Amino acid sequence: MEAAQDLEMTMEPIRFLGQDTPARIFRARAREWADRPALRHKRRGLWQGLSWAEYYRAVRAFGLALDDLGIRRGEVVAVLAHNRPEWLIADLGAQCMGIIGNGVYPTASAPQLGYILRDSGARLLLVEDQEQLEKALAVRADCPALQRILVIEREGLRGFADPQVGFYDDFLARGETLAATRAAAFERAIDAGGPDEIAFLVYTSGTTGDPKGAMILNRNVVFQITKAGEYLSAQPGDRSLSFLPLCHIAERMASVFNPLALGLVVHFPEGPGTVPNDLRQVAPHVLFAPPRFWEKLHSQVELAMREAIAPARAVYRMALDRGRPRIEARLAGREPPPPGPLDRALEWLAFRNIRHFLGLQNCRSALTGAAPVPPDLIRWFMAIGVELREAYGLTETTGFAAATPAGGVRIGWAGLPAMGTSIRIGPADEILIRGPNVFAGYWNRPDQTAAALSADGWLHTGDCGEIAADGYLAIRDRIKDIIITAGGKNITPAQIESLIKMSPYVTDAVVIGEGRRYLTALVMIDQEHVARHAQERAIPYTDFSSLTRAPEIVALIRAEIEAMNGRLARVEQIKDFRIIDRLLDPEDEELTPTMKLKRKVIARKYATLIESMYAS
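Okay, so the sequence shown: first residue is 5 according to this note's numbering, each after it adds one.
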């Protein structure tokens, strides 16, 4: 089975606004939208903005300063920072000069940073603050290509001096001075770029082995810019919130390149801890996030309702119950029954307030992907008036390869291929993708590139799935993660794990069962919600480890898993579980930079705990 939209491949350059590179599209938009707002950043509680003209001038200054430093076309610069305007300015400044951008997760450890700097051969590293600078200083001796380190925030660095280290604002000021005499050189650098040049690298998060740098070409990016309007309902001036790591392909496309198509005003939160409040303030029109983010929003409401007064709980439950037939009709493709006066009153009393509480009152395009989505989560968001649509893509497809069209949500299906993209199912039910969005290969990894890309351009995704007769794509799991039980049953653990993570008390879970008689799970609890549960019930504990061992907490998680088991076939049910008794962070080997549990590491490090679930 194959799903295709405009299957025929073409070597003709893909264009947007008549331009075939992101840099030229950026220049065209900066001229067209010069006085319109482009970026806004919250600093010390106040929102500060940049217009498109100011954005362009800052990008030009950074690019010219890179050139003045002797960094040339085809070389690499890296950014280690949380989401902020300087990240985008550095990234586009490099790309306009034909220099390859590269992002590093802000949670990366010093050894992880050193690996990426060495592997990419980065000439310059932009870091956010003193904490990130210390990581860079710890590894720079092992990074021979690294010429310069720039720091954005000066706090804690007054009087600091190092010949290799400078500050972002000084670097930008140097570029602004150069622009007075060399602006034409910047324009020529933009004009010299070609569609087959590397725009940037994206290092995979590395659930197995070392991260690999995916080479994303200019033409890959331009193709995705042309498709943004297919996925997103937006218009110039609409707001987005940039809070997922910018070194991840999804946020890179959402915050750097989709605005070139749609005119989105990108908002940057004050910091990772302010995202919930900033989401409510910004009330974005467009929002993409992985399922875990949407699960947390759902959990906020569920926990609030558990603590609410009885009439509020009753109104909420009644609104959900009365809305269920309309949701099921929509999911089945039928015309839903019209809402009556009571339904409209419940919408006003319950769901309207929930949307405002979450910051979703303006959200026209709500998308999710990168992990299985629990069906009940989609139903819940539909109930409160937010159509949460699934999409599917990888780093290697420059983001989305398929997405659910507006009004076309189907439980368990990720949508249709983008126009110009072909998707088919190969041996072992592997999803294969071909199209202008498919990357060029892995940086300095010819063998791994050959394994991922066939000679005729098909990308082997490593995901298994199926395609419906009308072209809808379903993703079942990573092929390497499928569990075959002792009874010969094939189990897709990601689907079960997504249901477990619907609990507000669970952050992550790993299902165990390869070659076993039944399934078990290792669970990572949500410290904030579980600790609050314990405090409200006077459950004694002294630290995180003792919290995980408290009998009442074990019983709480058991009840959550048993409730989830009721929605699964007998062979898929979790028969036993253990709680991981350590509070993990990205520097622990059990986690990827995106905070996903690494199955192989978990299986090795917690082997004794796993065996205890099968001892009887």
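Quick reminder that beta carbons are idealized off the backbone N, C-alpha and C, glycines included.
Remember, predicted model here, so these are calculated numbers, not experimental data.
Looking at the DSSP output, Cys468 bridges to Glu434 and Asp481.
For Gln151, the three-state secondary structure derived from DSSP is coil.
Sequence-distant partners of Glu518 (beyond 5 residues in either direction) whose C-beta falls short of 6 Å from its own C-beta, in its chain, are Ile487. In the DSSP assignment, Gln52 is bridged to His45. The distance from the Cβ of Ile253 to that of Thr399 is about 5 Å, consistent with a contact at the 8 Å cut-off. From the listed residues Val527, His86, Tyr109 and Ala316, the smallest Cα separation to Glu591 is found for Tyr109. A straight line joining the alpha-carbon of Glu540 with that of Arg383 spans about 30 Å. Assigned with DSSP and collapsed to three states, Asp242 falls in coil, not helix or strand. Contiguous alpha helix (DSSP H) elements confined to the region 103-191 occur at 114-124 and 134-143, taking only those with 4 or more residues. One thing to note: Arg586 has its Cβ no nearer than 8 Å to the Cβ of Leu613.
The Cβ atoms of Asp242 and Leu266 lie closer than 8 Å to each other. In the DSSP assignment, the residues bridged to Gln23 are Phe20. When the alpha-carbon of Tyr60 is set against those of Ala114, Asp95, Ser458 and Arg480, the nearest one is in Asp95.
With distances taken between CA atoms, Ile194 lies nearest to Asp24 out of Glu255, Asp24 and Gln52. Under the three-pair Cβ rule at 8 Å, the region 269-289 counts as touching the region 34-45. Within the same chain, and ignoring the five residues on either side of Ile156 in sequence, the residues whose Cβ sits closer than 6 Å to its Cβ are Glu90, Glu132 and Tyr172.
Taking 8 Å as the cut-off, the beta carbon of Trp298 is found no closer than this to the beta carbon of Leu236. Among the bridge pairs identified by DSSP, Asn494 is matched with Ile488. For Tyr235, the enclosing alpha helix (DSSP H) covers residues Asn222 to Tyr235.
With a cut-off of 8 Å on Cβ pairs, the region 468-476 is in contact with the region 413-425, counting three or more such pairs.
Beta bridge pairing from DSSP links Met528 with Asp512.
Residue burial is scored here from C-beta neighbours: Asn281 has fewer than 16 other C-beta atoms within 10 angstroms and is therefore classed as exposed.
Put simply, the region 505-523 touches the region 572-581. At least three CB pairs are less than 8 Å apart.
With a cutoff of 8 Å on beta-carbon distance, Val290 and Ala238 are scored as near each other. CA-CA distance, Gln531 to Tyr545, rounds to 12 Å. If you look at Ile93, you'll find it in the alpha helix (DSSP H) that goes Pro89 to Cys100.
With a 10 Å radius around the Cβ and a threshold of 16 neighbouring Cβ atoms, Trp352 comes out exposed.
Along the length of the region 520-587, whole beta strand (DSSP E) runs at least 3 residues long occupy 523-529 and 578-583, reported in chain order.
Cα atoms of Ala375 and Ala177: separation of roughly 43 Å, rounded to the nearest angstrom. Leaving aside the five residues that flank Gly363 on each side, the residues in its chain whose CB is nearer than 6 Å to its CB run, in chain order, Leu283, Arg284 and Ala287. Taking C-alpha positions only, Pro329 is separated from Ala308 by approximately 25 Å.
Between Glu135 and His533, the alpha-carbon positions lie close to 28 Å from each other. Put simply, of Arg449, Gly445 and Asp589 the residue whose alpha carbon is nearest the alpha carbon of Leu463 is Gly445. In the DSSP assignment, Gly397 falls within the beta strand (DSSP E) that extends over Leu392 to Leu398. When secondary structure is reduced to three states using DSSP, Ala82 falls in the strand class. Between Val83 and Leu70, the CB-CB gap reaches or exceeds 8 Å.
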